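Participant:
Chains as they are written, first to last, in our numbering: chain A, 11 to 441; chain B, 272 to 695.
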């Protein structure tokens with residue numbers, strides 16, 4: 011990755027004045043290093059959060075404007091969480107990213123953002139609206155044919171006035187459509203009044219990661235307009251972290267009008283279980299398989315906070331049995347980013363990304379868990395990748411997979427994210 | 272979508288997440304109160320892990336902290352600990368260390384005499400209670416045992432060689448060595464990173480393997496404080512068995528593992544103990560009403576409004592943000608509580624930086640009555656249900672007196688006792 015020209019050099023002291031929360035300033039930094047000590051990106055490209063602040067204080071703007079470290083920092087905000095002075099390095103990193111010439115930015119992130127702006131579907135994998143609709147319709151038909159229990163299952167698209175509008179990560183319709191079915195079954199099971207939107211449906215937003223504020227705003231506006239038009243009470247974000255953060259934070263940042271509430275699917279899983287609508291239990295876990303859970307930074311620390319972490323634990327403990335759940339340490343709002351966030355997975359820096367992910371790998375290995383549950387697609391991919399790279403014996407799974415497993419409605423072709431130990435457990439009758 | 276506000280009610284709102292704040296929550300829970308605690312990362316990561324009661328009085332290092340407390344009452348009647356009896360202080364101290372033990376970090380119980388806690392630069396300081404992982408080092412020093420202290424390539428802030436050289440006269444059987452930490456070749460490492468890595472058995476085994484050939488008859492091995500983050504006693508036991516000699520930890524300079532351990536231990540245990548804890552939210556504003564107080568906080572996605580019957584302020588001093596100063600005066604940041612202070616800044620400091628008497632500014636802070644309620648210039652409580660504890664209190668110089676933990680724990684104990692009584 012080439013360093014860019016000097017014309018784009020930022021004055022980081024000014025950036026800090028503009029962006030840091032009130033009461034926080036470089037002047038207050040005592041150089042303690044708690045940020046760097048607690049940051050998995052420390053040491054990559056010879057940089058760490060404290061060094062970044064020190065260099066800003068020294069006016070080393072050119073170095074900061076060109077260091078590729080800004081693409082290795084996942085903007086997880088753990089440094090801001092730890093800093094006694096409230097200094098948030100991720101905001102400065104975002105500004106630095108934005109100042110890079112487009113041609114020098116990691117092409118994977120740039121391409122994903124460009125794909126999102128191709129049409130109103132906002133898919134980072136370039137899946138157009140009509141293709142999305144067609145894939146969903148085909149997949150529903152297959153599901154109905156294969157499983158008589160769901161012969162009447164409906165997957166509404168653009169149903170105006172539905173209670174919920176739910177987004178969908180592109181990965182499933184684009185590469186593994188059968189993975190959409192477990193969530194549909196859950197929504198059918200609880201009798202949810204829901205819909206997809208044919209526009210703005212995609213649950214990813216790489217435009218924020220490019221640092222291009224206009225692109226981020228553009229993406230959020232497209233989605234907000236689409237959701238507003240459907241007049242739904244609540245927008246539910248699927249099992250994904252950053253698509254949640256980018257939308258609600260974008261609405262606040264850019265002062266957009268949204269006529270809906272933003273909620274996480276995890277919150278609703280917990281609510282439906284509490285209400286008895288989703289009668290899951292751990293009876294299926296006869297082998298006492300051990301599970302841990304990844305708290306996505308974008309969902310927990312950066313958005314809802316420990317309430318989301320509590321809901322997540324409630325759901326998982328109900329699903330796998332309290333005695334079979336082991337927390338990673340640290341966890342909840344203090345959790346480490348896995349290294350898949352901030353566009354790192356798409357940045358083409360595998361060596362650095364895996365070095366970053368080693369901390370997460372060690373955390374998981376220390377739990378001795380057989381499975382890692384991740385309500386986030388980027389966490390899922392990264393944790394799976396570092397597991398393979400460093401030789402971990404764990405399996406990474408979505409929540410919807412386990413929920414359907416527990417309910418006895420997880421079809422044989424919906425088990426690609428289960429290990430062989432669960433391949434035949436609780437199969438629906440007649441399959 | 273409008274920014275939402277979550278509302279919660281609690282009997283006691285503890286503001287501050289240092290030792291005083293966490294101790295207050297523990298004591299309040301033990302007294303059956305409904306507790307919610309708020310704060311941000313504060314200064315916890317800067318602790319050695321040692322819990323001092325009173326190590327220095329009248330410019331002398333004291334070996335008997337209890338006798339020193341008797342002297343303190345006579346010489347400094349306004350010191351926040353002077354109004355408390357030794358038995359109360361001991362009960363508070365034991366209550367805190369017992370609670371830590373139950374939460375997973377073993378501490379020695381308060382004894383009759385101060386211990387000589389090892390410091391990273393090869394000196395010792397008087398302290399009353401130490402993490403179990405650090406106790407063997409104190410014995411090794413006392414007995415002059417054959418001891419090997421190890422540091423690591425790329426680790427900043429701890430030098431085994433400096434430790435050895437500075438202790439050489441007092442501890443001739445002390446040796447030092449440097450190792451490359453398994454998996455951390457050619458890089459700068461923080462103690463925290465090593466501690467996280469030692470949570471896994473593979474790293475424990477690899478490190479033990481690397482240490483064994485260096486023993487050369489040593490009875491003890493000392494390491495910087497890196498023996499895991501969440502179950503240090505278990506990691507120490509496992510490593511000790513693998514190496515075959517007694518093992519101990521030495522605190523390192525900030526950001527150090529013992530403080531991070533404490534903080535993460537509280538964050539882990541408090542939800543299970545029934546306390547509502549928001550360890551990363553600063554209280555932005557407090558309004559007192561007839562029946563108590565309303566606290567306002569701003570989370571990332573939503574605001575938080577807390578109705579509290581009583582409030583305990585444990586926000587610390589300058590580093591933690593409880594106090595601030597400008598060119599002219601000192602102020603309390605959250606409630607602008609009155610701080611009795613000299614007319615001008617010229618009286619804050621003595622001439623010599625290292626003057627053994629300390630600086631007057633360090634003894635300024637929030638004045639309280641006998642039940643730890645902040646008082647106004649007239650001597651009356653600012654509010655019936657507002658209490659304060661810890662380093663924010665006036666008339667103490669905890670760093671110089673080596674009484675930080677004792678001050679935090681003892682005043683938190685008594686302030687929660689008073690709060691409980693006030694809540695009926």
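Quick reminder that beta carbons are idealized off the backbone N, C-alpha and C, glycines included. Predicted model only: the values in this text are computed from it and were never measured.
1. Run the proximity test for residue 411 of chain B: is its beta-carbon closer than 6 angstroms to any non-hydrogen atom belonging to the ligand NAP?
2. What does the alpha-carbon distance come out to for the pair residue 74 of chain A and residue 59 of chain A?
3. Pull up the DSSP beta-bridge partners for residue 582 of chain B, would you.
4. Cα separation between residue 242 of chain A and residue 252 of chain A?
5. Cβ closer than 9 angstroms: which chain E residues qualify as neighbours of residue 352 of chain B?
6. Around the Cβ of residue 40 of chain A, are there at least 16 other Cβ atoms within 10 angstroms (buried) or fewer (exposed)?
7. Cα-Cα, which of A:413, A:265 and A:269 is closest to residue 330 of chain A?
8. Alpha carbon to alpha carbon, how far is residue 394 of chain B from residue 434 of chain B?
9. Thinking C-alpha only, which one of A:409, A:349 and A:113 is nearest residue 248 of chain A?
10. Does DSSP put residue 117 of chain A in a helix, a strand or coil?
11. For chain B, find out if any of its Cβ atoms is closer than 7 angstroms to the Cβ of residue 206 of chain A; answer yes or no.
12. Below 7 angstroms between beta carbons: does that hold for residue 275 of chain A and residue 314 of chain A?
13. Against chain A, which members of the region 311 to 343 of chain B pass a CB distance test of less than 8 angstroms?
14. If residue 672 of chain B and residue 328 of chain B are in contact, beta carbons under 8 angstroms, what's the gap, nearest whole angstrom?
15. Nearest-angstrom Cα distance between residue 373 of chain B and residue 392 of chain B?
16. Kindly list, in the order they appear in chain B, the residues whose Cβ is closer than 8 angstroms to that of residue 93 of chain A.
17. Quick check on the burial criterion: 16 or more other C-beta atoms within 10 angstroms. Buried or exposed for residue 332 of chain A?
18. Is the beta carbon of residue 80 of chain A sitting closer than 7 angstroms to the one on residue 103 of chain A?
19. With H, G and I counted as helix, E and B as strand and the rest as coil, what does DSSP make of residue 410 of chain A?
20. For residue 481 of chain B and residue 474 of chain B, I'd like the C-alpha separation in whole angstroms.
21. Buried or exposed for residue 678 of chain B, going by 16 or more other Cβ atoms inside 10 Å?
22. Mind checking if residue 313 of chain A is an interface residue toward chain B, Cβ cutoff 7 angstroms exclusive?
23. Taking only three categories from DSSP, how would you classify residue 11 of chain A?
24. Among A:185, A:424 and A:210, which has the Cα closest to the Cα of residue 194 of chain A?
25. For residue 258 of chain A, which residues in chain B fall below 8 angstroms Cβ to Cβ?
26. Report the residue ranges of all beta strand (DSSP E) runs contained in full by the region 172 to 224 of chain A; include only those spanning at least 3 residues, in chain order.
27. If we define contact as Cβ-Cβ less than 7 angstroms, is residue 404 of chain B a contact residue for chain A?
28. Would residue 298 of chain A be called buried (16 or more neighbouring beta carbons within 10 Å of its own) or exposed?
29. Using only CA atoms, which one of A:77, A:92 and A:212 lies nearest to residue 138 of chain A?
30. Skipping 5 residues on each side, what residues in its chain have a beta carbon closer than 6 angstroms to that of residue 517 of chain B?
31. How far does the alpha helix (DSSP H) with residue 672 of chain B in it reach, from first residue to last?
32. Could you tell me how far apart the beta carbons of residue 382 of chain A and residue 404 of chain A are, in whole angstroms, since I believe they sit closer than 8 angstroms?
33. Could you give the first and the last residue of the continuous alpha helix (DSSP H) run that contains residue 321 of chain A?
34. In angstroms, rounded to a whole number, what distance separates the CA positions of residue 288 of chain B and residue 297 of chain B?
35. Going by the beta-carbon positions, is the gap between residue 302 of chain A and residue 377 of chain A smaller than 7 angstroms?
36. With DSSP run on the structure shown, which of helix, strand or coil describes residue 260 of chain A?
Facilitator: In brief:
1. With respect to the ligand NAP, the structure offers nothing, as it holds no ligand at all.
2. 11 angstroms
3. B:284 and B:657
4. 22 angstroms
5. Absent from the structure: chain E. Protein chains present are A and B.
6. exposed
7. A:413
8. 8 angstroms
9. A:409
10. helix
11. no
12. no
13. 311, 312, 313, 314, 316 and 317
14. 7 angstroms
15. 31 angstroms
16. 312
17. exposed
18. yes
19. helix
20. 10 angstroms
21. buried
22. yes
23. Per-residue confidence for residue 11 of chain A stands at a pLDDT of 49, beneath the threshold of 50, marking its modelled position as unreliable; no derived number is given.
24. A:424
25. 272 and 572
26. 174 to 176
27. no
28. exposed
29. A:212
30. 407 and 491
31. 669 to 672
32. 5 angstroms
33. 316 to 330
34. 12 angstroms
35. yes
36. helix
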